[in-house]
Amino acid sequence: MTGRRFSLVTSSAVMISPCLTHLIFYRPARHEPKPPNYYLNNIQLIPTCLLRTRTAPTRKMLRTEPATVALSRQHFDAVIFDLDGVLTDTASVHANAWQRSFDEWLTEHTPEQACFDIEEDYRRHVDGKPREEGIRAFFHARGIPITTHAVRRIARRKQAYFLELLEHRGVDLIGTSVRVLRLLRALGYKTAVATSSRNGRLILEKTGLIDDFDVHVDGETIAKHGLPGKPAPDTFLLASDELGTAPGKTAIVEDALAGIAAGKAGGFGMIVGLSRTDRLASFERAGADIAVPDLAELDITEVYHRESAERLPDALRSLKVATTPILLLDYDGTLTPIVARPEDAALAPTMRAELERLARYCPVAIVSGRDVPVVQDFVGLDTLAYAGSHGFEVVTADGRRYEQAIAERHLPLLNQLHARLQEALGSTPGVQFERKRFSIAVHYRRVAAADRPRVQTILKALKNGFCELRTTPGKEVLEFLPGIDWNKGRAVEWLLQALDPAARHYPIYIGDDLTDEDAFRILQGIGHSILVRDRSDRGTYADSTLPDTTAVRAFLARLADRLENEARL
Numbered sequence: 001m002t003g004r005r006f007s008l009v010t011s012s013a014v015m016i017s018p019c020l021t022h023l024i025f026y027r028p029a030r031h032e033p034k035p036p037n038y039y040l041n042n043i044q045l046i047p048t049c050l051l052r053t054r055t056a057p058t059r060k061m062l063r064t065e066p067a068t069v070a071l072s073r074q075h076f077d078a079v080i081f082d083l084d085g086v087l088t089d090t091a092s093v094h095a096n097a098w099q100r101s102f103d104e105w106l107t108e109h110t111p112e113q114a115c116f117d118i119e120e121d122y123r124r125h126v127d128g129k130p131r132e133e134g135i136r137a138f139f140h141a142r143g144i145p146i147t148t149h150a151v152r153r154i155a156r157r158k159q160a161y162f163l164e165l166l167e168h169r170g171v172d173l174i175g176t177s178v179r180v181l182r183l184l185r186a187l188g189y190k191t192a193v194a195t196s197s198r199n200g201r202l203i204l205e206k207t208g209l210i211d212d213f214d215v216h217v218d219g220e221t222i223a224k225h226g227l228p229g230k231p232a233p234d235t236f237l238l239a240s241d242e243l244g245t246a247p248g249k250t251a252i253v254e255d256a257l258a259g260i261a262a263g264k265a266g267g268f269g270m271i272v273g274l275s276r277t278d279r280l281a282s283f284e285r286a287g288a289d290i291a292v293p294d295l296a297e298l299d300i301t302e303v304y305h306r307e308s309a310e311r312l313p314d315a316l317r318s319l320k321v322a323t324t325p326i327l328l329l330d331y332d333g334t335l336t337p338i339v340a341r342p343e344d345a346a347l348a349p350t351m352r353a354e355l356e357r358l359a360r361y362c363p364v365a366i367v368s369g370r371d372v373p374v375v376q377d378f379v380g381l382d383t384l385a386y387a388g389s390h391g392f393e394v395v396t397a398d399g400r401r402y403e404q405a406i407a408e409r410h411l412p413l414l415n416q417l418h419a420r421l422q423e424a425l426g427s428t429p430g431v432q433f434e435r436k437r438f439s440i441a442v443h444y445r446r447v448a449a450a451d452r453p454r455v456q457t458i459l460k461a462l463k464n465g466f467c468e469l470r471t472t473p474g475k476e477v478l479e480f481l482p483g484i485d486w487n488k489g490r491a492v493e494w495l496l497q498a499l500d501p502a503a504r505h506y507p508i509y510i511g512d513d514l515t516d517e518d519a520f521r522i523l524q525g526i527g528h529s530i531l532v533r534d535r536s537d538r539g540t541y542a543d544s545t546l547p548d549t550t551a552v553r554a555f556l557a558r559l560a561d562r563l564e565n566e567a568r569l
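Taking full-length UniProt numbering as reference, the numbering of the sequence shown is continuous, increasing by one, and the terminal residue is 569.
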């Protein structure tokens, strides 16, 4: 989150951690006139860090039964997701639009009443319900009579304020939830979104999630079919019916008590309650089978095949490609040996020659954690595509350039982290910071053995303190990146679509690092992944191995020879 969006009032003597679990905002006293842009500039976030990529829980997972409940294809065919607060961080936008709408009405008609409270009133009466039902529930709880005309007026006002806030701050995806959604689809689950929001389709289109679902049910669908909203089960039952799955074979993911009640009433096979606040116990009481603060903690039985590297065949002897390949290559440790200083990783002329030969006959892309200009300088070939910063920036061979715009929001946080790293470790001999546009790599392979525990302790503390960033470990290096749903696997998916939209080529990926495993997994069943291994006992999603960069060059040379021979025929 960027500080310019919010007006956080605190003493200058108080240090604010980047990983706040609660944000305190100035709020005028009851019915005090609001300053200009109050509702735009004083958004009260439903706490806490939204982008988590590790499964380390912030609190213990609550279950209604002692045995672990796993989401597996053996027991479930589909998963239905709520939208706001589960996949997108629009819950805070909705809450503030409701607050503004109700406060204006209360000020005008019942000034003796307390203001609308986000923590209590929003969660208890409005969250997860269709707009007009939520309005009636709130006024009923306050004992205030309300006419149908007034309900509709407040509903229209809330919609206008919501769109205004949405335009002002945009829509943030909850990275781990989106990652779980896409993992489930890759595993063969049908997926649906079922939200009471009339803006559901708009948000899906705005975030690019529209194609991640087989079925969409939103407030407009509910109105069209004349269905009661949550906590009635009709919304979920309609989604299940359109998916063609039985409720007992369908799981529900919800962040609202009304949605959990709806799932229970509909007889769904599993109800997952998602809460980043202290409501896990209340979700359990409401009927959730599992209550977690992050979907990364959900136990999903994967079908991806992971094997020990020592059992895999050698790529030089085993790989036979019947169609023209598309080559996707890591740089450090794959095309060049790992070196003590990142700036010394020059590409050997013989390796460059093989890349140049291959680029004449098939698409070739370098997928690296380094910035694109740095890799381009090392490689020195403009006939290749380059995906830098683990895919956050891409340049194709024909000059098209792309950046993941959402990553730019994390640049101020990366700047803060860089300053903290310099302060904490800048004087430690052997530590080297590699600042890239969208990441910071901390190299410590040259640190003395006696200093390493202290370095690792400091890095762990900074990792925990900057929880809106994610980390990827490497060979004696720790890299901090924007905590969004993007990695080398996603970059490979994008490159395949951009470079080979008709899927005429056979993807081959060669890499050596843990960050390459995301790409290996993506290619299982549709391509071939080769691990350049540094040890034999590593578990991997790769299909075959090569022992070192010399073998990589030999493999590329053999492939180039074959393509040259075919071109002569």
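Glycine included, every Cβ here is placed at the ideal spot set by N, Cα and C. Nothing here was measured: the structure is a model prediction, and the numbers come from that model.
Check, Outcome
"Have a look at the DSSP bridge pairing and note the partners of Asp84.", "Thr88"
"Indicate, with yes or no, if the ligand GTP has a heavy atom lying under 8 angstroms from the CB of Arg558.", "With respect to small molecules bound, the structure shown includes none, and the ligand GTP cannot be examined in it."
"Using the beta-carbon count (16 or more within 10 Å), is Leu569 buried or exposed?", "exposed"
"Within a Cβ cutoff of 6 angstroms, which residues of the same chain sit near Val79, ignoring the five residues on either side of it in sequence?", "Leu184, Tyr189, Thr191, Ala251"
"Taking C-beta to C-beta, are His418 and Gln432 nearer than 9 angstroms?", "no"
"With 16 other CB atoms within 10 Å as the buried threshold, where does Gln74 fall?", "exposed"
"List the endpoints of the continuous beta strand (DSSP E) containing Ala251.", "250 to 254"
"Can you tell me whether Leu329 is buried or exposed, with buried defined as 16 or more other CB within 10 angstroms of its CB?", "buried"
"So is Thr549 buried or exposed if we call it buried at 16+ other beta carbons inside 10 Å?", "buried"
"Assuming contact is defined by CB atoms lying nearer than 9 angstroms, are Arg553 and Glu354 in contact in what I supplied?", "yes"
"Looking only at C-alpha atoms, which of Arg533, Val93, Leu187 sits nearest to Asp314?", "Arg533"
"Based on DSSP bridge pairs, tell me the residues matched to Thr110.", "Per DSSP, none; premise fails for Thr110."
"Within this structure, are the beta carbons of Pro130 and Gly219 separated by less than 9 angstroms?", "yes"
"Pull up the distance between the alpha-carbon of Thr471 and that of Lys463, whole angstroms please.", "7 angstroms"
"If we require 3 or more residues per run, which beta strand (DSSP E) segments fall completely within the stretch 369 to 419?", "385 to 388, 393 to 395, 401 to 403"
"On the three-pair Cβ rule with 8 angstroms, is the stretch 446 to 460 touching the stretch 373 to 381?", "no"
"Name the one or two DSSP bridge partners that Val171 has.", "BP columns for Val171 are empty, so no partner."
"From this set, Arg311, Leu280, Ile338, His109, which residue's C-alpha is nearest Phe139's C-alpha?", "His109"
"Between Pro342 and Arg401, what straight-line distance do the alpha-carbon atoms span, to the nearest angstrom?", "25 angstroms"
"What is the rounded straight-line gap between the Cα of Leu327 and the Cα of Ser544?", "15 angstroms"
"One question on the structure: do Ala194 and Ala239 come within less than 9 angstroms of each other, judged by their Cβ atoms?", "yes"
"Tell me where the beta strand (DSSP E) around Gly432 begins and ends.", "It is worth fixing the name first, because residue 432 is Gln in this sequence and not Gly. Gln432 -> beta strand (DSSP E) spans 432 to 435."
"What span of residues does the alpha helix (DSSP H) with Leu71 cover, start to end?", "Segment: none, Leu71 is in no alpha helix (DSSP H) and carries neither H nor E."
"In the DSSP assignment, what are the bridge partners of His149?", "Per DSSP, none; premise fails for His149."
"Please list, in chain order, all residues of the same chain as Ala560 whose beta carbon is under 7 angstroms from its beta carbon, the five residues on each side excluded.", "Glu354, Arg357, Leu358"
"Taking only the alpha-carbon atoms, compute the straight-line gap between Ala340 and Gly200 and give it to the nearest angstrom.", "50 angstroms"
"Between the Cα of Ile271 and those of Ala281, Ala291, Ala296, Ala232, spot the shortest distance and give me the residue it belongs to.", "Ala291"
"Decide if Gly143 is buried, meaning its Cβ has at least 16 other Cβ atoms within 10 Å, or exposed.", "exposed"
"Kindly list the residues whose CB is nearer than 7 angstroms to the CB of Ala150, restricted to its own chain and excluding five residues on each side of it in sequence; keep chain order.", "none"
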